[in-house]
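Notes follow once the structure below has been shown.
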Amino acid sequence: MSADDRFRAPKGVHDVLPPESGRWTEIVATFAARARRYGYGLAVTPMFEHIEVFQRVGEHTDVVSKEMYELTDKGGRRLGLRPEGTASVVRAYVQHRPTPPWKVWYVAPNFRYERAQKGRYRQHWQLGIEALGVEDPDIDVEVIALLAGFYRDLGLRDTRLLINSMGDAETRPAYVAALRSHFERHGDALGDEFAERVAANPMRVLDSKVEPWQDVIESAPQLGEYLSDAARASFEAVQAGLRALEIPFEIEPRLVRGFDYYTSTTFEFQSAALDAAQSAVGGGGRYDRLAEEMGGPPTPGIGFGTGLERIVLALDALGVEAPSVGVDVFVVDGLGSEGGTTVGTMVEALRTDGFAVDRAYGGRSVKAQWKLADRSGAGVAVMLGRDEVARDAVAVKDLATGEQIEVPRTGLVAWLTARRDGAT
Ligand code: HAM
-17 MSADDRFRAP KGVHDVLPPE SGRWTEIVAT FAARARRYGY GLAVTPMFEH IEVFQRVGEH
43 TDVVSKEMYE LTDKGGRRLG LRPEGTASVV RAYVQHRPTP PWKVWYVAPN FRYERAQKGR
103 YRQHWQLGIE ALGVEDPDID VEVIALLAGF YRDLGLRDTR LLINSMGDAE TRPAYVAALR
163 SHFERHGDAL GDEFAERVAA NPMRVLDSKV EPWQDVIESA PQLGEYLSDA ARASFEAVQA
223 GLRALEIPFE IEPRLVRGFD YYTSTTFEFQ SAALDAAQSA VGGGGRYDRL AEEMGGPPTP
283 GIGFGTGLER IVLALDALGV EAPSVGVDVF VVDGLGSEGG TTVGTMVEAL RTDGFAVDRA
343 YGGRSVKAQW KLADRSGAGV AVMLGRDEVA RDAVAVKDLA TGEQIEVPRT GLVAWLTARR
403 DGAT
C-alpha cells in the first residue's frame, strides 16, 4: 500500500458529505416520520455482537459464511461486525423481553466483505423496521405498506414489489426434500459448487443467476404447491390486504432472499433505476422462529431493510431533485471591530427564530463577505452597516435578483418569515 492510499477510505466504503448528505438527512427524517406514524420506536443496537448472534442468520448464507467481518477482541471474545439488522434487534428483544407486540425502526451501518461495485459496498446503511410478537397477516400488509409509502414520500417511482411465501415449519421440510431430490436427479453435471449448495440448502440455489443452472431451476418444484392450509391462507390474506390498499405486487416463486431465518411472507422492492445486478432497493419478510432460536420465547417477527445508498442512486437516476442544503440567510457584517457583539447577537437571534443562518468570520472585508454570501446558497443576505445601525434598520438583498431594500431591525423576522412563506 502506498502512503497515498493509507490516508484514503478503504475499498468499498464511502464518506457521505455535503451536499450529498442533504439527501441523507431528508431520507432518514422521512423514514423516522413515517415509522412514527405506524407506531414504531427507534432501536439502536451495537455495531458488533457475539459471533453466534449473526451465525443464527444462517451459517450457509454468503453473508455469514463468506462476507462477515470477524474479530477477536483483546479479551479473547469472538465478535462479528453487524452484516444486517434483524439479528441484533431480535437479540435485543430476547435479552430485554419487552411486552409484545414490539415495533421498532433503525438506521444503521452494516458490513459485508462483498465484491465492491456500484450499489454494493463493504459498509452500507440500512433503514429498517422489525415487528415482533404478531402473527396476524395484517402486520405483513402494514410493514409492506410502510415501505411502499416511504418510497412514495421520496418520489422513488418505478419500483416493483415481488412477494413470495416460504411456507411454515410444517411444510418446508417436505418442499426442501423434493427440491433436493430434483436437483440431485437433474444436476449431477453442474459441478461441485452446485452440489455443495444443494447439500447445504437447496433453496439457496433457486435465486442463483449462474447461467448453466437455469434449466434445472426452471423445472424445479415450486414452494406454492407445498404450502400448508394455514400458510396458504396467510399468504392469501396478505395479498388481499395489499389489493385493498392498492399496492401492486407480483408473486415471484423464486424469490428466496439471502437468509436462512425467513418463514412465510417474503418480499422485495426492485427499482428499474438501479443496475440489474443490484436492483433490490429493499426487502424483508417473516422470521417466525428466530427469537426462539436465540433462546427467547416463541415469537413471530417480520421486518425489512432498505439500503440508503441504493435509494440515493435510484433517486439520482430518476432525476428526483435533492433538497437544498444551503442556509436561508447570510449575514454580512458591515460594522467590523466597532460592532462588538452586535452581529453575532443578531445571527443567534435569527437562528433562535428558526432561520438557517450563516456568516463570515475573522473580520473579512465587506466585499469578501458579499462573495461568500453569493456562494452560500442563501436566498437573502442581511447587511448591518454603520448607516443601518444609525437608522435602526438592516439592508436586505435578494441574492437571486440583486434587489436591495431597507427593513427596520424590529421588523426583520416578520419580513423574513413572510418571504419564506411566499407572501412577498
Ligand atoms: P438484505 O436484502 O440483505 O436484507 O438487505 C436489505 C437492503 O440493503 C437491500 O435491499 C439493499 O438495498 C441493501 N444492501 C444490502 N447489501 C448491500 C451492499 N453490500 N451495499 C449496498 N446496499 C446493500 C437484510 O439485511 C434483512 N435484515 C432485511 C430484513 C429485515 N428482513 C427482515 N427484517
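Counted from 1, the sequence shown has number 221 at position 239 by my numbering; the numbering is strictly sequential. All C-beta atoms, glycine included, are put in the ideal place defined by N, C-alpha and C.
Three-way DSSP call (helix, strand, coil) for residue i in this model
i, result
"residue 343", "coil"
"residue 157", "helix"
"residue 324", "helix"
"residue 204", "coil"
"residue 75", "helix"
"residue 88", "strand"
"residue 329", "helix"
"residue 379", "strand"
"residue 357", "helix"
"residue 268", "strand"
"residue 310", "coil"
"residue 4", "helix"
"residue 188", "helix"
"residue 119", "helix"
"residue 199", "helix"
"residue 281", "coil"
"residue 286", "strand"
"residue 30", "strand"
"residue 106", "strand"
"residue 363", "strand"
"residue 229", "coil"
"residue 97", "coil"
The ligand HAM heavy atom lying under 7 Å from the CB of residue i
i, result
"residue 108", "yes"
"residue 124", "no"
"residue 259", "no"
"residue 94", "yes"
"residue 67", "yes"
"residue 112", "yes"
"residue 46", "no"
"residue 281", "no"
"residue 186", "no"
"residue 239", "yes"
"residue 325", "no"
"residue 102", "yes"
"residue 2", "no"
"residue 275", "no"
"residue 141", "no"
Through-space distance from residue j to residue i, alpha-carbon basis
i, j, result
"residue -5", "residue 34", "25 Å"
"residue 46", "residue 65", "8 Å"
"residue 215", "residue 293", "33 Å"
"residue -10", "residue 98", "16 Å"
"residue 50", "residue 171", "31 Å"
"residue 353", "residue 341", "11 Å"
"residue 363", "residue 312", "5 Å"
"residue 185", "residue 256", "26 Å"
"residue 261", "residue 389", "53 Å"
"residue 287", "residue 58", "31 Å"
"residue 207", "residue 148", "11 Å"
"residue 248", "residue 264", "11 Å"
"residue 32", "residue 61", "5 Å"
"residue 380", "residue 8", "26 Å"
"residue 107", "residue 29", "12 Å"
"residue 310", "residue 350", "19 Å"
"residue 71", "residue 109", "13 Å"
"residue 400", "residue 335", "13 Å"
"residue 227", "residue 355", "48 Å"
"residue -12", "residue -3", "15 Å"
Same chain only: Cβ atoms within 8 Å of residue i, ignoring 5 sequence neighbours per side
i, result
"residue 345", "318 and 319"
"residue 3", "307"
"residue 96", "-6, 49, 102, 103 and 104"
"residue 329", "313, 339 and 341"
"residue 21", "85"
Close beta carbons around residue i, own chain, < 6 Å, minus the five adjacent residues each side
i, result
"residue 198", "168 and 169"
"residue 117", "282"
"residue 183", "42"
7 Å CB neighbourhood of residue i in its chain, flanking five on each side removed
i, result
"residue 229", "126, 127, 130 and 143"
"residue 235", "146, 204, 205 and 206"
"residue 180", "162, 165, 166, 169 and 187"
"residue 358", "308, 309, 312 and 340"
"residue 391", "374, 375 and 376"
Residue i: CB within 7 Å of a non-hydrogen atom of the ligand NAD
i, result
"residue 264", "No copy of the ligand NAD appears in this structure; the ligands present are the ligand HAM."
Do the segment 299 to 309 and the segment 131 to 144 meet, that is, are 3 or more Cβ pairs less than 8 Å apart?
-> yes
With a cut-off of 8 Å, do at least 3 Cβ pairs link the segment 321 to 341 to the segment 358 to 376?
-> yes
How about the segment 208 to 227 and the segment 179 to 196: do they share at least three Cβ pairs that are nearer than 8 Å?
-> no
Quick one: any contact between the segment 68 to 81 and the segment 119 to 138, if contact means 3 or more CB pairs under 8 Å?
-> no
Counting Cβ pairs, one atom from each stretch, are 3 or more of them under 8 Å apart for the segment 153 to 162 and the segment 265 to 274?
-> no
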